[in-house]
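Okay, so here's the structure we're looking at.
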Amino acid sequence: MEFEAVIGLEIHVELNCATKMFCDCPNRPGDEPNVNTCPTCLWFPGAVPRLSSEALEKASLLCLALGGELQSRSAFDQKVYYYPDLPKGYQLSQAHLPLSRGGGIEVRDEKERIRKLRIHHIHMEEDVAKLVHEMEGRTPISLVDFNRAGAPLVEIVTEPDFRSPHEAMEFLKALRVQVRYAGASECSMENGTMRVDANISIRPAGTTAMNTKVEVKNMNSIRHVGDAIAYEIARQSASVQAGEDVVLHTRLWDPDRKVTLPMRAKFEGPCIPDPVVPLIELSEEWIEEMRARLPEMPAARASRFVEQYGLSGDEAAYLSSDPDLAGFFEALIGHGVAVRSGMHWLTTQLLPAVRDRQLELSNCRVTPERFAALLRMLEKEEINANAAREVLLQLFDGDAPPEEIVASRGFRQISDPTALASMVDKVIEDNPSAVADYRRGESKALGFLIGRVMQSSGGKANPKMIRGLLVKNLESGSRTAGA
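Taking my numbering, the leading residue of the sequence shown gets 153, the next gets one more, and so forth.
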């Protein structure tokens, strides 16, 4: 029997707010344990939570960026269950009246067909504390760090529209871009600001039944999500074919063994309206104000890049895939760099250097202004490409202008025709076999001769002029210096 998968995702995104959801404690979970706490996020009796206006605004921008419809009324509930990382016994969430309903993201499936994968709703909730497990002698102990308790989250709950690991992974990639553009979160799965649960079931292909699902929780990379879904589809298919029932429960993904492992029975605690946090009422004017604050989103930006800068669709989509990258590119062009040169050097030279140093484009020393100054020198042929690459690496190590580095290191290009002609004549004289090879039609010999001239100039010769002088000399059979 052939099966098809029915998959839905629940994505937790931590908002990049300055404070926690219901108190003024700093929202910095990575600080020393238990330093960012107060009676509210420690859940002392009598402490009154106050909803952060920044959290509401950023959550609303995220919802709008994903095509959601902000609800005029939303409210918090007490999601009642007990775990060691939730000692008050309930989590403030929005079970009954979520902040937003609807929305979705278009992706390409394995056959390059466009599919819109729908979002059911998006709600706000507070994060729980962090458990730290250690061994004290032979006795395992668990410690609780409350820095994360009360951190502002949204949970994005999709419809069960996904049919493959590929679609889930493409959805998460696109979602991450949209949320970053909205400025609501970094969506870094590596740093824990985006976590994914997947609900997976199978059914006979061609049917519409909704069968028992299995939840795989807390995956922290897009690749892990794809691998876990693929494994779970295969595991459930094998179980059904063997005559076994699929049992509702929760599993974890083991990335080392590449298997899902049983975690616990599926448990849903009761949700009751919270009597303390006031009802959220959003006016049409406020919603439109939030909508007006949304920046130009990636699809619109890519379309503009094609029209304004003459880029291909793939080039524009790549540059628009990250707001920092797109902003850097536009700043570069704004500082007088040619479009093709700017795109080429940004994507093939600067980005790899940034990644090698484990930096971010938005906070490295190579600003658009400094990078543009370097590329303008290259375009004016004041330096050659090899020198430009050397100067670029030095821009990471200090704040000196590119012009100063070029002058101090003697990188300025040699473009004097007499000086270059002398170098070319010397190389031709010293390499008669390469000259003969070129005149017999072996084009590689020209590259060899250009390399020898560059070597003799210490890498400073103007390669375009060298090529022209060599070709003129070799094809005429005369010496350039005496011409």
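Every residue gets a Cβ at the ideal spot worked out from N, C-alpha and C, and that includes glycine.
Start and end residues, beta strand (DSSP E) containing residue i
| i | result |
| --- | --- |
| Met371 | 366-371 |
| Gln230 | 229-232 |
| Gln393 | From DSSP, Gln393 is part of no beta strand (DSSP E) but of the alpha helix (DSSP H) over 374-393. |
| Gly160 | 155-166 |
| Lys418 | No beta strand (DSSP E) contains Lys418, which DSSP labels as neither H nor E. |
| Cys423 | 423-425 |
| Glu307 | 304-310 |
Candidates the options, of which the one nearest residue i by Cα
| i | options | result |
| --- | --- | --- |
| Glu156 | Pro317, Val411, Leu244, Ala247 | Pro317 |
| Ile566 | Glu594, Asp589, Gly599, Gln607 | Gln607 |
| Arg202 | Pro427, Phe457, Thr570, Phe600 | Pro427 |
| Gly219 | Gly254, Gly599, Phe298, Cys190 | Gly254 |
| Ala326 | Pro475, Glu286, Lys231 | Pro475 |
| Val377 | Glu594, Ile163, Val309, Glu448 | Ile163 |
| Arg270 | Met287, Ala320, Asn168, Ala571 | Ala320 |
| Gly358 | Phe323, Arg315, Leu400 | Arg315 |
| Leu238 | Pro250, Lys268, Ile266, Thr192 | Thr192 |
| Ala573 | Ser595, Ala613, Gly198 | Ala613 |
| Leu161 | Asp582, Lys231, Ile381 | Ile381 |
| Glu436 | Cys169, Cys175, Ser212, Pro181 | Ser212 |
Exposed unless 16 or more other CB atoms sit within 10 angstroms - verdict on residue i
| i | result |
| --- | --- |
| Phe196 | exposed |
| Gly562 | exposed |
| Gly494 | buried |
| Lys172 | buried |
| His275 | buried |
| Asp279 | buried |
| Glu512 | exposed |
| Ser245 | buried |
| Pro407 | exposed |
| Gly634 | Its pLDDT being 38, under 50, Gly634 is placed unreliably by the model, and the measurement read from it follows with that caveat. Burial call: exposed. |
| Asn188 | buried |
Reduced DSSP secondary structure (H/G/I, E/B, other) of residue i
| i | result |
| --- | --- |
| Ser252 | strand |
| Met346 | strand |
| Gln246 | coil |
| Lys240 | coil |
| Leu434 | coil |
| Glu467 | helix |
| Lys282 | strand |
| Ser455 | helix |
| Val429 | coil |
| Ser574 | helix |
| Lys268 | strand |
| Met529 | helix |
| Asp476 | helix |
| Phe563 | coil |
Cα-Cα separation between residue i and residue j, rounded to whole angstroms
| i | j | result |
| --- | --- | --- |
| Arg631 | Asn538 | For Arg631, the pLDDT reaches just 45, beneath the cut-off of 50, and the residue's location in the model is therefore unreliable, although a value from the coordinates is still provided. C-alpha separation (whole angstroms): 27 angstroms. |
| Thr412 | Ile535 | 56 angstroms |
| Tyr687 | Gly241 | Residue coverage of the chain in this structure runs from 153 to 635, which leaves residue 687 outside it and unanswerable. |
| Leu404 | Leu498 | 40 angstroms |
| Ser205 | Pro554 | 44 angstroms |
| Gly302 | Arg541 | 47 angstroms |
| Ala350 | Cys215 | 20 angstroms |
| Val518 | Phe228 | 45 angstroms |
| Tyr233 | Pro450 | 40 angstroms |
| Thr345 | Leu167 | 8 angstroms |
| Arg387 | Ala394 | 11 angstroms |
| Gly620 | Leu477 | 37 angstroms |
Endpoints, the alpha helix (DSSP H) within which residue i is located
| i | result |
| --- | --- |
| Leu327 | 317-334 |
| Asp589 | 584-591 |
| Asp508 | 503-508 |
| Pro615 | 615-628 |
| Ile293 | From DSSP, Ile293 is part of no alpha helix (DSSP H) but of the beta strand (DSSP E) over 291-297. |
Residue i Cβ short of 7 angstroms to the ligand ATP heavy atom set
| i | result |
| --- | --- |
| Val399 | The model on display carries no ligand, and the ligand ATP is accordingly not part of it. |
Closer than 8 angstroms to chain D by CB, residue i
| i | result |
| --- | --- |
| Pro414 | Checking the listed chains, one finds no chain D in this structure; it contains a single protein chain. |
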